[in-house]
Amino acid sequence: MKPTILLYDSGMGGLTVYDEIQKVLPNAYYLYCFDNAFFPYSEKSEAVLITRAVKIVQKIAEKRPLDMVVVACNTASTVVLPALREHFSFPIVGTVPAIKPAAEVSQTKTIGLLATKGTVTRPYVAELIEKYAQDCVVEKIGTTDLVEIVEEKQRTGKVDMNRLLNVVEEWKNHPTLDTIILGCTHFPLVKAELKQILPNVRYFVDPGIGIAKRVVSLLETQGVAQSQYGRNTPNEAFCTSQGDDLVIKQKIMQQSGFNQLSVLDI
Ligand code: DGL
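In case it helps, the numbering used here puts the sequence shown at residues 1001 to 1266.
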């Protein structure tokens, strides 16, 4: 029996977290939900994000017994984890900006947090900076545009480089910034383009590998109950709206090994 792990995000960004987990746990049974009815999460209120999180997990847990949930979204994780942990007994793993690794790796002690508008304002993130990056200057860019640029890249294969440049303009000729935290799970999907625009930045840090390690160690040490599903169950994807581009989304999910896509009624 393999453990059943649900990942969810507003869109396709959570696949960057899935890729890392899948590398170390190739035989788990994965479910992935993208909440396209509420995409993007960037500027949604905290109350909305909490309600969505509980609804999504509840709905899927009714269909499939879950062993673990990975909130593959920084914008949601910085708010919804306490509510999810209160409602559900299986482990809930969050994705939060990799402030500590970035502070450790930066030589100039000047780091940039690139995240959604919501994430950069969260008290949770301010606490992480206070705790782990006291010796650093932390500059922040909060953007919804970049989330949309990434989804467009997923759909069309193209990145609007001018729009991307507009997002990070203030860091283009920065004299000391050597490290950028990719504080949104969508952003690793445009790492190459960001490197091109910001050639002086040495490190792009994202939490994917750390989350994968956390998932493995939680499964090992907490002796998580195994699900009822057998080895041959194919991975499944869920979304929350029919949307115009569902056929393209379905293809993207198939490329990641999620052959079935159903629309959740929430
Ligand atoms: N992928 C999500 C994150 O990590 C957010 C994208 C959105 O704003 O919907 O923050």
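For each residue, glycine too, the CB sits at the ideal point set by N, CA and C.
Buried or exposed: residue i, going by 16 or more other Cβ atoms within 10 Å of its Cβ?
i: Val1215; result: buried
i: Ile1248; result: exposed
i: Glu1062; result: exposed
i: Asn1074; result: buried
i: Asp1009; result: buried
i: Lys1044; result: buried
Alpha carbon to alpha carbon, what distance is there between residue j and residue i?
i: Ala1225; j: Ser1089; result: Confidence is the limiting factor: at Ala1225 the pLDDT is only 49, short of 50, which leaves the residue's position unreliable and the question unanswerable from this model.
i: Cys1239; j: Cys1033; result: 5 Å
i: Phe1187; j: Ile1021; result: 17 Å
i: Glu1220; j: Glu1139; result: 37 Å
i: Val1120; j: Ser1042; result: 10 Å
i: Ser1241; j: Val1048; result: 16 Å
i: Val1150; j: Leu1189; result: 7 Å
i: Ala1133; j: Asp1265; result: 42 Å
i: Gln1154; j: Ile1252; result: 8 Å
i: Glu1152; j: Ile1197; result: 18 Å
i: Ala1098; j: Ala1053; result: 22 Å
i: Asp1035; j: Asp1019; result: 19 Å
Hey, out of the options, whose CA is closest to residue i's CA?
i: Asp1178; options: Gln1254, Val1137, Met1161; result: Val1137
i: Ser1262; options: Glu1236, Asp1245, Asp1244; result: Glu1236
i: Pro1234; options: Thr1016, Gly1013, Asn1027; result: Asn1027
i: Asp1245; options: Pro1003, Met1012, Ile1129; result: Met1012
i: Lys1195; options: Lys1213, Val1168, Arg1122, Leu1084; result: Val1168
i: Ala1115; options: Lys1055, Leu1146, Ile1211, Leu1165; result: Leu1146
i: Glu1086; options: Leu1164, Gln1254, Val1057, Val1125; result: Val1057
i: Pro1040; options: Gly1014, Lys1100, Lys1059; result: Gly1014
Name the one or two DSSP bridge partners that residue i has.
i: Ala1053; result: According to DSSP, Ala1053 bridges with nothing at all.
i: Glu1193; result: According to DSSP, Glu1193 bridges with nothing at all.
Excluding the five sequence neighbours on either side, which residues of its own chain have a C-beta within less than 8 Å of the C-beta of residue i, listed in chain order?
i: Ile1005; result: Ile1021, Leu1025, Ala1028, Tyr1029, Tyr1030, Leu1031, Leu1066, Asp1067, Met1068, Val1069, Val1070, Val1215
i: Trp1171; result: Gly1112, Glu1139, Ile1141, Leu1177, Ile1180, Leu1198, Val1201
i: Phe1038; result: Ser1010, Lys1044, Val1048, Arg1052, Thr1240
Using a Cβ-Cβ cutoff of less than 6 Å, which residues in the same chain neighbour residue i once the five nearest sequence positions on both sides are dropped?
i: Lys1191; result: Phe1204
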